[in-house]
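Participant: In order, the protein sequence lines correspond to chains A and B.
Count the first sequence with our numbering and you get residues 450 to 607, in order.
Count the second sequence with our numbering and you get residues 214 to 339, in order.
One structure is given below, represented as structure tokens, and several questions about it will come after.
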Amino acid sequence: MRVGKCYFCSSPIYPGHGIAFARNDAKLFHFCRSKCHKNFNLKRNPRKVRWTKAFRKVHGKEMTVDTTFEMEKRRNRPVKYDRDLVGTTLRAMQRASEVQEKRAELHYVNRMAAHKVKAAVRARVEIKESVDLIESSEAVKEAVMVDKLEAQKQKVNI
Amino acid sequence: MIQTQTIVDVVDNSGVKTLRCIKVLGGFKKRYGVFGNLIRASIQELRQKGNKKLGLKKGDLVFAVVVQTRSQLKRKDGQVFKFFKNSAVIVDKQMKPLATRVLTPLCNELRHKKSIKLLSLAPSIL
């Protein structure tokens, strides 16, 4: 069983799913679902479509350079079966995926840190621009308070 | 799905550009031709530099093997794929190609005894 990769959105394709298109130079383009196939037929570039993995990688939204990706690379060299080797490989795969997950998390945190600074700047600008709104509301509040006080005084006098 | 009146491109160096299918062969009341099916067709259009050796003319009747279809091909392992045009290769009744070259990749479905010669001519096999 081989799990393929969608040409458009890079999601895994399990057996029996999706469709492939054979170009005249014998290149096969595999698609995970009709959505991706249709987008391909519209001649859209996956790097420019926001929901694809390719877009996210190009625009720095996901980790791209990492040693853990070496594990996923396809090797066309046949390996002689060795029971111990299989065991160590399986363990290494698990470990590599753990490391990758952690690094991806860190990447996300770092990305969001820059985002936070930007958001703070934006908020400050907004406050500066619309400070009169806050001031006017304060004035209204004060007027209401004065009214209330006077009402209380009148009650006491009566 | 190739049926009567379907126009198919020719992907070999026989000097023919397009064919019009007039009958799908193989089977009683067979409607549609798929990969590897033999069809009877008439020559519609020739290429500018025709193959003089074969001497095919417009209106001639020929046999052809369907090698690419727009409709999808399903394999037993669940693989589904399709091509972007309908095309065929001109052969004789014994499925031997008349021309000497095949220009497009062919699919594995042609791998049976009669049409193995075609596969050997193809640039690559899917």
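Ideal Cβ placement from N, Cα and C applies to all residues, glycine included.
1) List the endpoints of the continuous beta strand (DSSP E) containing V237(B).
2) For G228(B), which option in S333(B), A312(B), L251(B) has the closest C-alpha, if you only look at C-alpha atoms?
3) E258(B) lies in the beta strand (DSSP E); which residues open and close that run?
4) Taking Cβ positions only, does N473(A) come closer than 8 Å to chain B?
5) Kindly say whether D290(B), judged by its beta-carbon, lies nearer than 8 Å to any beta-carbon of chain A.
6) Does any residue of chain A have a CB that is nearer than 8 Å to the CB of K295(B)?
7) For M214(B) versus S328(B), is the C-beta spacing smaller than 8 Å?
8) Using a Cβ-Cβ cut-off of less than 7 Å, list which residues of the region 309-322 of chain B approach chain A; keep chain order.
9) With a cut-off of 8 Å, does the C-beta of A553(A) fall near any C-beta of chain B?
10) Using only alpha-carbon positions, find the residue among G268(B), T317(B), L274(B) that is nearest to I235(B).
11) Can the beta-carbon of V223(B) be found closer than 8 Å to that of A335(B)?
12) To the nearest angstrom, how far is it from the Cα of E591(A) to the Cα of D581(A)?
13) Applying the criterion that 16 or more other CB atoms from any shown protein chain within 10 Å of the CB defines a buried residue, is P318(B) buried or exposed?
14) Could you tell me the boundaries of the beta strand (DSSP E) in which D222(B) lies?
15) Determine whether the beta carbon atoms of T282(B) and F297(B) lie at a separation below 8 Å.
16) If you measure beta-carbon to beta-carbon, which residues of the region 259-287 of chain B are closer than 7 Å to chain A?
17) Going by Cα to Cα distance, which pick from G467(A), T516(A), A469(A) is closest to E547(A)?
18) For G240(B), count neighbouring C-beta atoms within 10 Å of its own C-beta (all shown protein chains included) and say buried if the count is 16 or more, exposed if not.
19) If L323(B) sits next to L332(B), beta carbons under 8 Å apart, how far is it from one beta carbon to the other, in whole angstroms?
20) Would you say F276(B) and K306(B) are within 8 Å of each other, going by their C-beta atoms?
21) What residue does the beta strand (DSSP E) around Q281(B) start on, and which one ends it?
22) So which residues of chain A does S337(B) contact, with C-beta pairs closer than 9 Å?
23) Can you tell me whether L286(B) is buried or exposed, with buried defined as 16 or more other CB within 10 angstroms of its CB?
24) Given that I468(A) touches chain B, what residues does it touch there, using C-beta distances under 8 Å?
25) Give every residue of the same chain whose Cβ lies closer than 7 Å to the Cβ of A471(A), excluding the five residues on either side of it in the sequence, and list them in chain order.
26) Provide the residue span of the beta strand (DSSP E) that contains S483(A), from first to last.
27) According to DSSP, is H479(A) helix, strand or coil?
28) Kindly confirm or deny that the region 453-460 of chain A and the region 482-497 of chain A touch, where touching means at least three C-beta pairs closer than 8 Å.
29) So is A572(A) buried or exposed if we call it buried at 16+ other beta carbons inside 10 Å?
Facilitator: Result, derived from the coordinates:
1) Run containing V237(B): 229-237, per the beta strand (DSSP E) assignment.
2) The option with the nearest alpha carbon to G228(B) is A312(B).
3) Taken as a continuous stretch (DSSP letters only), the beta strand (DSSP E) holding E258(B) covers 251-259.
4) With 8 Å as the cut-off, N473(A) counts as an interface residue toward chain B.
5) Yes, contact with chain A.
6) The C-beta of K295(B) comes closer than 8 Å to at least one C-beta of chain A.
7) In terms of Cβ geometry, M214(B) and S328(B) do not form a close pair [threshold 8 Å].
8) Of all residues in the region 309-322 of chain B, those with a C-beta nearer than 7 Å to a C-beta of chain A are T317, P318, reading in chain order.
9) No, A553(A) lies away from the interface with chain B (no Cβ there is under 8 Å from its Cβ).
10) Looking only at G268(B), T317(B), L274(B), the smallest Cα-Cα distance to I235(B) is reached by L274(B).
11) Against a cut-off of 8 Å, the Cβ pair of A335(B) and V223(B) comes out as no contact.
12) C-alpha of E591(A) to C-alpha of D581(A): approximately 15 Å in a straight line.
13) Buried, by the Cβ-count rule.
14) Following the DSSP letters along the chain, one finds D222(B) inside the beta strand (DSSP E) bounded by residues 220-223.
15) No. Outside cutoff.
16) Within the region 259-287 of chain B, the residues whose Cβ lies closer than 7 Å to some Cβ of chain A are Q285, listed in chain order.
17) Nearest of G467(A), T516(A), A469(A) to E547(A), Cα basis: T516(A).
18) With fewer than 16 neighbouring CB atoms inside 10 Å of its own CB, G240(B) falls in the exposed class.
19) With a Cβ gap of about 6 Å, L323(B) and L332(B) count as contacting.
20) Result yes, Cβ atoms of F276(B) and K306(B) sit closer than 8 Å.
21) Element bounds for Q281(B): 274-281.
22) Per Cβ cutoff of 9 Å: D474, A475.
23) When all chains shown are included, L286(B) counts as buried.
24) Per Cβ cutoff of 8 Å: Q285, V293, F294, K295.
25) If we look at A471(A) and ignore the five residues flanking it on each side, its Cβ neighbours are L477.
26) Going by DSSP, S483(A) is part of no beta strand (DSSP E) but of the alpha helix (DSSP H) stretching over 483-490.
27) H479(A) falls in the strand class under three-state DSSP.
28) Per the Cβ contact rule, the region 453-460 of chain A is in contact with the region 482-497 of chain A (3 or more Cβ pairs under 8 Å).
29) Exposed.
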